[in-house]
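One structure is given below, encoded as structure tokens.
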Amino acid sequence: MPLTAYDLTGRTAIVTGAASGIGRATAVLLAEAGATVHCADLDGEGARATAAAIADAGGSARPHHLDVTRRDQIAAAVDAARRHTGRLDVMANIAGIMHTSTVLETADADLDRVWNTNFKGVLYGCQEAARAMIAAGTGGSIVTMASGAIDTGAPGLLCYGAAKAAVVQLTRTLAGEVGRHGIRVNAIAPGWVRTAMTDRHTAEARRQAEEPMSRRSPLGRVGEPEDIAHAVLHLASDASSFTTGQILRPNGGVAMPW
Ligand SMILES: NC(=O)c1ccc[n+]([C@@H]2O[C@H](COP(=O)([O-])OP(=O)(O)OC[C@H]3O[C@@H](n4cnc5c(N)ncnc54)[C@H](O)[C@@H]3O)[C@@H](O)[C@H]2O)c1
202 MPLTAYDLTG
212 RTAIVTGAAS
222 GIGRATAVLL
232 AEAGATVHCA
242 DLDGEGARAT
252 AAAIADAGGS
262 ARPHHLDVTR
272 RDQIAAAVDA
282 ARRHTGRLDV
292 MANIAGIMHT
302 STVLETADAD
312 LDRVWNTNFK
322 GVLYGCQEAA
332 RAMIAAGTGG
342 SIVTMASGAI
352 DTGAPGLLCY
362 GAAKAAVVQL
372 TRTLAGEVGR
382 HGIRVNAIAP
392 GWVRTAMTDR
402 HTAEARRQAE
412 EPMSRRSPLG
422 RVGEPEDIAH
432 AVLHLASDAS
442 SFTTGQILRP
452 NGGVAMPW
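Note that the working numbering has the sequence shown beginning at 202, numbered continuously upward.
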């Protein structure tokens, strides 16, 4: 397969969480690969900034101020993307939040907040995108964002890890259901990545948090948003046309499950 398999010229992508971190890096990279990118985020100003940066670099992008926990808002963004270019090829469900509390300290409200954003937000994105892709009959690629938390029982990460494990199950189930429509569905489970989510404000706190993760990695480092964006590009593009229902783990080798 020629390198043009990574070319997204003429394709339309929606990226949630596009205001920051992995989502922003993904939006920028998909636009560099030629896609028209709809940059969606609860942080409307951040979404506009990402779309403006893409346009300044000569790419094509539109911002959407939305909350992934609101199905109607995701449906509206999918509809707007389709009306803009007449198609939807890629849905990258990247928006997410972090929460830490032990099992014994976890309150219903914590669980609901994390579940609503990190699972239901992804479910709505998958449902609305798959419906649009099926109706168009053009196939497509749906990417979900899980986490290395699915491979460990890390203390404090019950809400986050459970929602991410559910995202993996959603990914596999949907892949089995929509493959016959030419739609591929894959998850990414990153290791520690330097973003606002993992920011530790002071250099010393950052070093203390990152050092053990770096030591566990055969590559001796933590990830950058661009490391994960390239994984999304692979799954979004025709380069991965025989890949569906899989979990890709850009984690520096910190975990190596079968
Ligand atoms: N940073 C890491 O180490 C890491 C590791 C594994 C997985 N992840 C996952 O990657 C994804 C991106 O995380 P990040 O590290 O770039 O974090 P980040 O905080 O930099 O970005 C998350 C973005 O999601 C947006 N968002 C949050 N709730 C939203 C909502 N309800 N509707 C719309 N947008 C919303 C935020 O405004 C923000 O722009 C998340 O799903 C996260 O769980 C991150």
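Virtual Cβ for every residue (Gly too), placed ideally from N, Cα, C.
Keep in mind that this is a model prediction, so the values were computed, not measured.
Annotation note: the stretch 313 to 376 contains the following uninterrupted beta strand (DSSP E) runs of length 3 or greater, listed N- to C-terminal: 341 to 346. Secondary-structure assignment with DSSP links Asp242 through a beta bridge to His266. Annotation for Thr286: the continuous alpha helix (DSSP H) segment containing it runs 272 to 286.
Going by beta carbons, Ser418 and Ala234 fall outside the 8 Å limit. Taking Trp316 as the centre and dropping the five residues before and after it, the same chain places the C-beta of Ala364 closer than 6 Å to its C-beta, in chain order.
Between Ala214 and the set Ile255, Ala254, Arg288, the nearest pair of CA atoms involves Arg288. Using a Cβ-Cβ distance cut-off of 8 Å, the stretch 347 to 361 and the stretch 287 to 302 are in contact, since at least three pairs of beta carbons, one from each stretch, lie closer than that value. By the Cβ-count criterion, Leu204 is exposed, with fewer than 16 other Cβ atoms from all chains shown falling within 10 Å of its own Cβ. Distances from the CA of Pro356 to each of Ala281, His431, Val304 were compared; the closest alpha carbon is that of Val304.
In the structure shown, Ser418 falls within a coil segment according to DSSP collapsed to helix, strand and coil. Assigned with DSSP and collapsed to three states, Leu204 falls in helix.
Taken through DSSP and simplified to helix, strand or coil, Leu231 comes out as helix.
Residue pairing from DSSP places Ala214 in a beta bridge opposite Val238, Val291.
In the DSSP assignment, no residue is bridged to Ile223.
By the Cβ neighbour-count rule, Glu329 is buried, with 16 or more other Cβ atoms within 10 Å of its own.
Take the alpha-carbon of Thr372 and the one of Ala206: they are about 23 Å apart. Annotation: Ile384 is outside any alpha helix (DSSP H); the continuous beta strand (DSSP E) that includes it extends over 384 to 389. For the set Ala366, Thr345, Asp257, Thr403, the Cα lying nearest the Cα of Thr353 is the one of Ala366. Collapsing the DSSP output to three states places Val379 in a helix.
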